[in-house]
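Some notes on the structure that comes next.
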Ligand SMILES: Cc1cc2nc3c(=O)[nH]c(=O)nc-3n(C[C@H](O)[C@H](O)[C@H](O)COP(=O)(O)OP(=O)(O)OC[C@H]3O[C@@H](n4cnc5c(N)ncnc54)[C@H](O)[C@@H]3O)c2cc1C
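Listed below in C-alpha cells is the structure:
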C-alpha cells in the first residue's frame, strides 16, 4: 500500500502525452489531492492474436510503450507496462492497483465489442470499491453519436455526414489538451508483475518518438498537404502523410492533425478541392467509419452492412486466395501492392481499393477473407477503417461502391502507376518492361519469373454481376468497368 492517493491512467490506443485528456485530467486531480499519477499499459498478446493483430503492429505498440515510458519519466510520471495474457487479465491488474491505493481510473474509451466488455468488467470491479472511472471519448474529433441527421439518426452516406461534421467543427472548434503536469516525489515501485516483453523490432523502420511523429505530421501540414489532392492517388511517390499507423495506436490524435491543419493551411481549407480540404475529408472518413461501427455493432460480428449481400455464396477458391495473398495473380498492380503489404506492413490507399476489389470481384472470394488477411499484415490495422474499406470495395457496406462499378485492374494501373515505377519496385521480373507493356506484360507470353493471369477480368466481372443480381435483382444503373 502506498500512503498517497494513486490516480491511474490506463493507456491503450492513446499512447501519447501531448493531447492526452486522461493523463492531463489525472495530473490535475493528483495535484489537487497531493496524490500521484501512474500510467499503466497491459500487453495482451492472446487478445491481440484473437483480433488478428499483425505482428508488426504489435511490435509498434511495444516499441511505442517503451519510448513513452522514457518521455513520461521526464515529467516524473511512471509508466508501468505489464505483460498480461488476455483481456480478462486486466481485472487482475486493477485488483492489484486497488490494493496499492488507487483512488481513480482515467482512460480513453474504445468502441469494439471485446474492448467494451473488458472495460465494463474493470468498471464493475472498481465500482465495488467506490473507485470512480473517468472515460474520455477522444478517438474522434466528433465523438460517435454527435453527428446526426435532423431526425436524430446516424448518417449512412458520407457526404451529408461530412457536411454536418464540418458544421460542428466550425461551431465548436477543436480542442487539444496540454501535456500532463510534471510531478514531484520519489519513484514509486510497481507491483511485482511481469514486465512487458520487448517486441521483435519488425516495425523498426517506423520512428516511435512523439517528437518525430509530431514533426512528421507538422511537416506534412506545412508543405506536402498542398499537393495532396493530386499526389494522393499515386503509389510510386510519397504523396500521403503515412500517419495511419500512428493514428491507429494514438501516438498522435486526429484532434492534433485537424488543429495543425487549420494552423498551417486555413486559407486552403476554405477551397473545396484543395489538398488541405481533401486531406481533412480523409480524416472525416476515419470518423465516419467509427460512427458507423458504434451505431451498427453487427459489423463487429462480421456481418455485411447491406444484409442482402450476406446471402451471396462466394466460390472462395483457396488457390486463388493464396495467389492473391502472395502477390502471384499475374495482374502486376495487384501483385506489386500485395508484395508491398507483405514486405512493409503498409499499403497505399489506392492499392488497398484495387486489391480489395480484385479479391472480391475478380477472384470471387468473400471480402471477410481479405479483411482478415489485411488485419494480419497491416501496421495500421484498425477495425473500423479496415471493415469500412473492405465493405466499400465489396459493395456490401454503407455508402459503398455500387456493385456494377467494377475496377479494371489494368486500366487502374495505367492511370495511377502510369510509368510503372511502383510495379517495377516490387516485381523484379518486370523491371525491364516499358511503361506501355508493364501493366499487362503477358503479350506475347508471360515473362520468365512472373505469373500467368489467374483469371480473365472480363469473364470474372460477369460472374460478379451474376452473384450480386442473384441476391439483389437487376440494377438499372448500368454495368461498367471503372478504369
Ligand atoms: C480495403 C481497405 C482497407 C483499409 N484498412 C485500413 C486500416 O486497417 N487502417 C487504416 O488506418 N486505414 C485503412 N484504410 C484506409 C486508408 O487506406 C489508410 O488510412 C491510408 O492508406 C493510410 O495512409 P496515410 O496515413 O498516408 O493516409 P492519408 O491519405 O495521409 O490520410 C490521413 C489519415 O486519414 C485516415 N484515412 C485516410 N483514408 C481513409 C479511409 N479511406 N478510411 C478511413 N480512414 C482513412 C487515416 O487515419 C490516415 O492516416 C483502408 C482502406 C481500404 C480501401
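Numbering (the numbering used here), first residue to last: 507 to 989.
Using N, Cα and C, we set each Cβ at its ideal position, and we do this for glycine too.
Cβ-based burial, residue 634 [other Cβ within 10 Å; buried from 16]: The residue labelled residue 634 in the question sits at position 128 within the chain shown. Exposed is the call here.
Buried or exposed by the 16-neighbour rule on C-beta atoms within 10 Å, applied to residue 676: Sequence index remark: in the chain shown, residue 676 carries index 170 (1-based). Classification of residue 676: exposed, given that the 10 Å Cβ count is below 16.
Own chain residues within Cβ distance below 6 Å of residue 699, not counting five before or after: Residue 699 sits at position 193 when you count from the first residue of the chain shown. Around residue 699: 588.
Beta-carbon separation (whole angstroms), residue 671 vs residue 731, contact threshold 8 Å: Taking the first residue of the chain shown as 1, we reach residue 671 at position 165. Taking the first residue of the chain shown as 1, we reach residue 731 at position 225. Wrong, their Cβ atoms sit about 19 Å apart, outside the cutoff.
For residue 770: DSSP bridge partner residues: Taking the first residue of the chain shown as 1, we reach residue 770 at position 264. For residue 770, which the question treats as bridged, DSSP gives no partner whatsoever.
The stretch 795–807 / the stretch 820–836 touching (three or more Cβ pairs under 8 Å): no
From 769, 750, 572, 766, residue whose alpha carbon lies closest to that of residue 517: Position 11 of the chain shown, counted from the start, is the residue given in the question as residue 517. Measuring from the Cα of residue 517, the nearest candidate turns out to be 572.
Backbone CA spacing between residue 604 and residue 597 [nearest angstrom]: For this step, residue 604 is matched to residue 98 along the chain shown. For this step, residue 597 is matched to residue 91 along the chain shown. Cα to Cα, the separation comes out at about 11 Å.
For residue 531, the three-state DSSP class (helix, strand or coil): One-based indexing of the chain shown puts residue 531 at position 25. Helix at residue 531.
Residues bridged to residue 660 (per DSSP): As a first step, residue 660 is located in the chain shown; it is residue number 154 there, counting from the start. Note: residue 660 sits in a beta bridge opposite 654.
Cβ-heavy atom distance, residue 887 to ligand 1, below 6 Å: Within the chain shown, numbered from 1, the residue matching residue 887 stands at position 381. Checking every heavy atom of ligand 1 against the Cβ of residue 887, one is found closer than 6 Å.
Heavy atom of ligand 1 within 6 Å of residue 906 beta-carbon: Numbered from its first residue, the chain shown carries residue 906 at position 400. No.
Residue 709 to residue 975 span [Cα, whole Å]: Position 203 of the chain shown holds residue 709. Position 469 of the chain shown holds residue 975. One C-alpha to the other measures close to 43 Å.
Beta-ladder partner(s) of residue 585, from DSSP: One-based indexing of the chain shown puts residue 585 at position 79. Residue 585 is bridged to 545.
Exposure label - residue 1023; buried when at least 16 CB within 10 Å: No statement about residue 1023 is possible, as the shown extent of the chain runs from 507 to 989 and does not include it.
Same chain, Cβ closer than 8 Å to residue 970, five either side skipped, listed in chain order: On the chain shown, residue 970 is found 464 positions in, with the first residue counted as 1. If we look at residue 970 and ignore the five residues flanking it on each side, its Cβ neighbours are 866, 867, 868, 870, 909, 912.
Delimiting residues of the alpha helix (DSSP H) encompassing residue 794: Within the chain shown, numbered from 1, the residue matching residue 794 stands at position 288. Segment 781–801, the alpha helix (DSSP H) holding residue 794.
CB of residue 922 within 7 Å of CB of residue 856, strictly: The residue labelled residue 922 in the question sits at position 416 within the chain shown. The residue labelled residue 856 in the question sits at position 350 within the chain shown. For residue 922 and residue 856, yes; Cβs fall inside 7 Å.
beta-carbon residue 892 near ligand 1 non-hydrogen atom, thresh 6 Å: Position 386 of the chain shown, counting from 1, holds the residue named residue 892. Indeed, a heavy atom of ligand 1 lies less than 6 Å from the Cβ.
Backbone secondary structure at residue 600 - three-state DSSP: Position 94 of the chain shown holds residue 600. Of the three classes helix, strand and coil, the one that applies to residue 600 here is helix, per DSSP.
Residue 945 classed as buried or exposed, judged by whether at least 16 other C-beta atoms fall within 10 angstroms: Residue 945 sits at position 439 when you count from the first residue of the chain shown. Classification of residue 945: buried, given that the 10 Å Cβ count is 16 or more.
Three-way DSSP call (helix, strand, coil) for residue 757 in this model: Position 251 of the chain shown, counted from the first residue, corresponds to residue 757. Residue state, collapsed to three classes: coil.
Unbroken alpha helix (DSSP H) run spanning residue 963, endpoints: Indexing the chain shown from 1 puts residue 963 at position 457. Looking at the DSSP string, the run of the alpha helix (DSSP H) that includes residue 963 is 963–978.
CA-to-CA distance, residue 620 to residue 685, given in whole angstroms: What you label residue 685 is simply residue 179 of the chain shown in a count that begins at 1. What you label residue 620 is simply residue 114 of the chain shown in a count that begins at 1. So the two alpha carbons sit approximately 30 Å from each other.
Between the CA atoms of residue 904 and residue 565 - distance to the nearest angstrom: Taking the chain shown and counting its residues from 1, the one referred to as residue 565 is at position 59. Taking the chain shown and counting its residues from 1, the one referred to as residue 904 is at position 398. Roughly 32 Å separates the two Cα atoms.
Presumed contact (8 Å Cβ cut-off) between residue 741 and residue 840, rounded CB distance: Numbered from its first residue, the chain shown carries residue 741 at position 235. Numbered from its first residue, the chain shown carries residue 840 at position 334. Between residue 840 and residue 741 the Cβ distance is about 12 Å, and since that is not below 8 Å, they are no contact.
Cβ neighbour criterion (16 or more within 10 Å) applied to residue 659: Counting from one through the chain shown, the residue named residue 659 turns up at place 153. Looking at its Cβ environment, which holds fewer than 16 other Cβ atoms inside 10 Å, residue 659 is exposed.
Closest by C-alpha distance to residue 907, when choosing among 934, 811, 956: Within the chain shown, residue 907 is the residue found at index 401, counting from 1. Here the closest residue by C-alpha is 811.
Stretch pair the stretch 602–617 + the stretch 552–565: three plus CB contacts closer than 8 Å: no
C-beta atoms of residue 632 and residue 654 nearer than 7 Å: Locating residue 632 in the chain shown gives position 126, counting from the first residue. Locating residue 654 in the chain shown gives position 148, counting from the first residue. For residue 632 and residue 654, no; Cβs fall outside 7 Å.
C-beta contact flag for residue 608 and residue 514 at 7 Å: Looking up residue 608 in the chain shown gives position 102. Looking up residue 514 in the chain shown gives position 8. A contact, by the Cβ cut-off of 7 Å.
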